[in-house]
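Enquirer: Using UniProt numbering, the first residue of the sequence shown is number 1, and each one after it goes up by one. For every residue, glycine included, the Cβ atom is placed at its ideal position computed from N, Cα and C.
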Amino acid sequence: MYCVRKVNEDLYWVGANDNRLALFENIHPIPRGVSYNSYVLLDEKTVLFDTVDWAVCRQFLENLEAVLKDRTLDYMVINHVEPDHAACIEEIILRYPDVKIICTEKAFMFLNQFGFNLGEKVEKVKEGDTKSFGKHKVAFVTAPMVHWPEVMVTYDTTNGVLFSADAFGSFGALGGKLFNDETAFDRDWIDDARRYYTNIVGKYGPHVQALLKKASKLDIKTICPLHGPVWRSNLGYFLDKYDKWSSYEPEEKGVMIVYASMYGNTESAANSLAAELVEKGMKNVVVYDVSKTHVSYLISETFKYSHVVLACVTYNLKIYPPMLDYLEHMKALNLQKRTFAIIENGSWAPQSGKLIRKFLDGMKEMTVLDKDMSLSSSMKKEELDLMEELADSIIQSIK
Ligand code: FEO
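(1) On a Cα-Cα basis, can you pick out the residue from V278, N79, A139, Q59 that is closest to L111?
(2) Express the C-alpha separation of R194 and E82 in angstroms, rounding to a whole number.
(3) For a test of your reading of the model: does the CB of G169 fall under 8 angstroms from any non-hydrogen atom of ligand 1? Yes or no.
(4) If you drop the 5 nearest sequence neighbours on each side, which residues of the same chain put their C-beta closer than 7 angstroms to that of D149?
(5) Between which residues of its own chain and D219 is the CB-CB distance below 6 angstroms, once the five residues before and five after are set aside?
(6) Taking just the CA atoms, how far does S376 sit from W348?
(7) What are the complete beta strand (DSSP E) segments, minimum 3 residues, inside the stretch 199 to 233?
(8) Mark E267 as exposed unless 16 or more other C-beta atoms lie within 10 angstroms of its C-beta, in which case mark it buried.
(9) K124 to I398, Cα distance in whole Å?
(10) If we ignore side chains and look at the alpha-carbon of each, how far apart do Q336 and K45 end up?
(11) Does the beta-carbon of E82, which I'm using as the reference point, lie nearer than 8 angstroms to any heavy atom of ligand 1?
(12) Where G176 and N37 are concerned, what is the direct C-alpha to C-alpha distance, given to the nearest angstrom?
(13) Between the Cα of C3 and those of N334, A210, I356, L174, spot the shortest distance and give me the residue it belongs to.
(14) Where DSSP assigns a beta bridge to G134, which residues make up the other side?
(15) Measuring CB atoms only, is the stretch 45 to 58 touching the stretch 10 to 21, in the sense that at least three cross pairs come out at less than 8 angstroms?
(16) With a floor of 4 residues, list each alpha helix (DSSP H) that falls wholly inside the stretch 300 to 360, ordered by position along the chain.
(17) Per the DSSP calculation, N17 is bridged to which residue(s)?
(18) Is R195 close to chain D, meaning its C-beta is less than 9 angstroms from at least one C-beta of that chain?
(19) Among V141, G205, Y263, whose alpha-carbon lies nearest the alpha-carbon of D129?
(20) Below 6 angstroms CB to CB, which residues in the same chain sit around N180 once its five sequence neighbours on both sides are set aside?
(21) State yes or no: is the C-beta of H207 nearer than 8 angstroms to some heavy atom of ligand 1?
(22) Ligand 1 and D166: does any heavy atom of the ligand fall closer than 8 angstroms to the residue's C-beta?
(23) Check whether the stretch 190 to 209 and the stretch 298 to 314 are in contact - that is, three or more C-beta pairs closer than 8 angstroms.
(24) Report yes if the C-beta distance between V201 and D166 is below 9 angstroms; otherwise report no.
(25) Could you round the C-beta distance between residue 404 and I92 to whole angstroms and report it? I think they count as a contact, below 8 angstroms.
(26) Beta carbon of W148: closer than 8 angstroms to some heavy atom of ligand 1?
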């Protein structure tokens, strides 16, 4: 059975949800599933904007057929060639052999790399080119590295719809609710939207900033991303989030404590610090076990909070491996502008604190507080004063 939604008078969502996939990109857990959005415009010409992942191709084709009814498909605009959106291009060509494909030169090259021989079917476009489909005239805006080099976004000059590719997307299956104002977005979606952005596009902050700058010159009324809800109201809310995430500014003043603990002693110290901070009035504190929390969640939360405490046991005279993995993800994603405090632990040669400090020193615009703690196997009552000083130092740096 088809499942479509009307976006506006002549634009339809024909995408599909995947609730079966466990790991997006085979890395990131998606317990709430994911949607692959595709849109079709019924103008004098019919135009499809991107396709979907292979896993949901059948649903997508049924949706497209239901919207087109007895019309054929004239154009397919490919904003992004990553296979979660481009996997069904050949299926479209098989069913609509006269379809013309609009994409950038680089997208054409990538499509060839993936084995699509599109040849004469392709109309290559570049920054600023426009195309009329009848009533609707669209402009093509390149958006390299948001999230791949070939990416473009397409702006409908007639009604202010922006087909934004991966930008402004989110993890999470739609469950019938297409529009942001059909959800309690700030309650139910923002964490998955942040986790999607920070882990998938987080590394490319400057490129997202460049796209935001271009977008600020357009009169955008509706944002149609390739994943998650369509934005037709309160656009400023999400644009502000994107501005913060892509400039690596924290969303909130708060403390994220991440601990790596083998037998519970480092965990105990982390909880002691959390309690001390809350007692001193810093209520925006969250605590995570690095061994039990998938790194995509840790990254997302690290983009959210201004301060991070790393409490880490020493392992083989090195940083405990899951903590090192978290740090390496942080570095790979170009995270900046955070303040860190360190608690190390070790039974005969504590090293983790020194090594974490060195790691953070090699990152951009990271501040590590001078005050830290070194525990020998477990925290003792006599060290409570030191813990209080550490808490004071963190609170002082937040002000
Ligand atoms: Fe949703 Fe970069 O693909």
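Expert: Let me spell this out:
(1) N79
(2) 20 angstroms
(3) yes
(4) Reading off the sequence, residue 149 comes out as Pro, not Asp. Cβ within range, chain order: K106.
(5) G160
(6) 7 angstroms
(7) 222 to 224
(8) buried
(9) 50 angstroms
(10) 46 angstroms
(11) yes
(12) 13 angstroms
(13) L174
(14) Its beta-bridge partners do not exist; DSSP assigns none.
(15) yes
(16) 321 to 332
(17) S35
(18) The structure shown contains no chain D; it holds only a single protein chain.
(19) V141
(20) P229, W231
(21) no
(22) yes
(23) yes
(24) yes
(25) Examination of residue 404 is not possible in this model, given that the chain is present from 1 through 399 alone.
(26) yes
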